[in-house]
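*Asks:*
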Amino acid sequence: MRRHRSARVPPMTDIRLALLSDLHLDVRRRRLERAGLEPEAALAAIDDLGRRTADAAREAGADLVILAGDIANGTGGIDWAGRNFGDLPVLYIPGNHEFYGHDRAPLIREMRRAATAAGNLRVLDGDTIDIDARDRRVRILGGTAWTDYRLYGDAAAGTAMDLAGQVLYDHQRIREGDRPFSPEDARGLHLDFRAWLARELAASDPSATVVVTHHGPAAASVAERFAGSPLSPAFVSDMTDLMQAHEPALWLHGHTHHDVDYRVGRTRVVARQWGYPEEGLSEGFALLTI
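Under the UniProt record's numbering, the letters of the sequence shown match residues 1 to 290, in that order.
See below:
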């Protein structure tokens with residue numbers, strides 16, 4: 001396992017957020033088993049990774065951990081964080097992989113129940129939560145977001161949807177009731193989330209507001225190696241209009257297996273993603289202040 005990156009502890013006046021996503025713990029566990037570990041030993045190694053991550057977040061002075069999706073399938077990521085993060089507060093945004101092998105809407109309910117049982121977790125999927133720490137209040141708005149496939153404009157959206165429906169596991173391994181989850185479902189969920197988010201942003205103090213999505217919110221979140229890919233609209237939508245209109249302080253995301261830190265107007269956009277083991281990305285978290 002790689003060592004965590006050390007993080008400079010910021011001044012004590014700001015709320016500190018530890019952001020990480022796309023750990024794909026079930027994939028990591030399978031790789032350990034294929035390397036010869038017994039299942040119990042592989043699980044113990046994954047749990048040790050969780051405890052070390054939590055310890056590093058505490059050492060860095062984090063007030064809150066944000067898991068921005070694709071932690072593990074089903075409730076596995078919630079169970080992992082509940083076992084290993086102790087009393088450190090955790091916000092959990094469902095990614096697309098959480099739903100693999102599940103019916104989407106019932107799993108959301110199951111995830112919420114699991115988070116409540118864990119005690120230190122809260123699932124955000126079209127939810128707002130106010131966090132009080134260090135004599136400050138920060139509002140966090142979160143959800144998967146999905147996508148409208150319009151990253152390259154309206155004319156290309158249909159082609160992107162058709163391709164996604166043919167090749168993405170989202171539309172083979174996720175159920176929507178008694179049928180497969182479709183690109184049209186993803187677009188509908190995105191539009192509902194976008195409308196909700198616009199209302200919430202309009203009622204929030206931008207200097208103390210954080211948006212967390214799993215899917216990316218702007219073209220700058222697309223890795224250079226995927227620039228122009230016909231599948232990029234399935235991973236990233238253009239939500240810069242909301243940033244420009246409402247100016248939230250932070251927008252955090254996952255999904256792209258590509259770390260970013262850039263600005264759209266006054267909004268800082270950050271992703272800190274582990275990705276699959278073979279991708280060679282580093283473990284750890286981004287420590288952010290607000």
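Backbone N, C-alpha and C fix where the C-beta goes; we use that ideal spot for every residue, glycine too.
Indicate the three-state DSSP secondary structure (helix, strand or coil) for D154 in the structure shown.
*Replies:* In the sequence shown, the residue the question calls residue 154 occupies position 154. Helix.
*Asks:* Looking only at its chain, what residues have a beta carbon closer than 8 angstroms to the beta carbon of I46, apart from the 5 residues adjacent to it on each side?
*Replies:* If you number the sequence shown from 1, residue 46 lands on position 46. Excluding sequence neighbours, I46 sits near L25, R28, R29, L32, W80.
*Asks:* Can you give the Cα-Cα distance for L250 and R34, rounded to whole angstroms?
*Replies:* On the sequence shown, position 250 is the one that residue 250 refers to. On the sequence shown, position 34 is the one that residue 34 refers to. Whole-angstrom Cα-Cα distance: 39 angstroms.
*Asks:* How far does the alpha helix (DSSP H) with V27 in it reach, from first residue to last?
*Replies:* By one-based count along the sequence shown, residue 27 stands at place 27. Looking at the DSSP string, the run of the alpha helix (DSSP H) that includes V27 is 25-34.
*Asks:* Strictly by DSSP, which residues pair up with L110?
*Replies:* Counted from its first residue, the sequence shown places residue 110 at position 110. It should be pointed out that residue 110 corresponds to Glu in this sequence rather than to Leu. Answer is none; E110 lacks a bridge partner.
*Asks:* Do H255 and W146 have their CB atoms nearer than 8 angstroms?
*Replies:* Locating residue 255 in the sequence shown gives position 255, counting from the first residue. Locating residue 146 in the sequence shown gives position 146, counting from the first residue. No, the pair does not count as a contact, with Cβ atoms beyond the cut-off.
*Asks:* Once DSSP output is grouped into helix, strand and coil, what is the label at H214?
*Replies:* Taking the sequence shown and counting its residues from 1, one reaches residue 214 at position 214. Residue state, collapsed to three classes: coil.
*Asks:* Are there 16 or more other CB atoms within 10 angstroms of the CB of residue 307, so buried, or fewer, so exposed?
*Replies:* Residue 307 falls outside the range modelled here, since the chain spans only 1 to 290, and no answer is possible.
*Asks:* Tell me, to the nearest whole angstrom, how far the beta carbon of residue 348 is from that of Y152; I am working on the premise that it is less than 8 angstroms.
*Replies:* Examination of residue 348 is not possible in this model, given that the chain is present from 1 through 290 alone.
*Asks:* Using a threshold of 8 angstroms, state whether the C-beta atoms of T209 and R139 are closer than that.
*Replies:* Along the sequence shown, read from residue 1 onward, the residue named residue 209 stands at position 209. Along the sequence shown, read from residue 1 onward, the residue named residue 139 stands at position 139. Yes, the Cβ-Cβ distance between T209 and R139 is below 8 angstroms.
*Asks:* Is there contact between the region 220-239 and the region 201-208, where contact requires at least three CB pairs shorter than 8 angstroms?
*Replies:* Output reads no: the region 201-208 does not touch the region 220-239.
*Asks:* When you compare each of Y149, Q166, T289, L49 to residue 294 by their alpha carbons, which one comes out closest?
*Replies:* Outside the shown range of the chain, which is 1 to 290, sits residue 294, and nothing can be said about it.
*Asks:* Rounded to the nearest angstrom, how far is the Cβ of P230 from that of L163, given a contact under 8 angstroms?
*Replies:* Along the sequence shown, one-based indexing puts residue 230 at 230. Along the sequence shown, one-based indexing puts residue 163 at 163. That belief holds up - the Cβ atoms of P230 and L163 are roughly 5 angstroms apart, short of 8 angstroms.
*Asks:* For the region 61-76 against the region 15-24, are there 3 or more C-beta pairs whose distance is under 8 angstroms?
*Replies:* With a cut-off of 8 angstroms, the region 15-24 and the region 61-76 count as touching, because enough Cβ pairs lie within range.
*Asks:* The beta strand (DSSP E) spanning T289 covers which residue range?
*Replies:* Here residue 289 refers to the residue found at position 289 when the sequence shown is read from its first residue. Run containing T289: 286-289, per the beta strand (DSSP E) assignment.
*Asks:* Give the DSSP-derived three-state secondary structure of H102 in the structure shown.
*Replies:* Within the sequence shown, the letter at position 102 stands for residue 102. The answer is strand: DSSP assigns H102 an E or B state.
*Asks:* Taking only three categories from DSSP, how would you classify R122?
*Replies:* For the purposes of this step, residue 122 is identified with residue 122 of the sequence shown, where counting begins at 1. If DSSP states are grouped into helix, strand and coil, R122 belongs with the strands.
*Asks:* Confirm, please, whether the CB-CB distance from G76 to Y92 is below 8 angstroms.
*Replies:* Mapped onto the sequence shown, residue 92 falls at position 92. Mapped onto the sequence shown, residue 76 falls at position 76. Cβ distance not < 8 angstroms, so Y92 and G76 don't count as in contact.
*Asks:* May I ask which residues mark the beginning and end of the alpha helix (DSSP H) holding A186?
*Replies:* Here residue 186 refers to the residue found at position 186 of the sequence shown. Per DSSP, A186 belongs to the alpha helix (DSSP H) from 183-202.
*Asks:* For A18 versus A44, is the C-beta spacing smaller than 8 angstroms?
*Replies:* Stepping through the sequence shown from its first residue, residue 18 is reached at position 18. Stepping through the sequence shown from its first residue, residue 44 is reached at position 44. Their beta carbons are not under 8 angstroms apart, which means A18 does not touch A44 by this criterion.
*Asks:* Please classify P217: is it buried, with 16 or more other beta-carbons within 10 angstroms of its beta-carbon, or exposed?
*Replies:* Residue numbering aside, residue 217 sits at position 217 when the sequence shown is read from its first letter. Buried.
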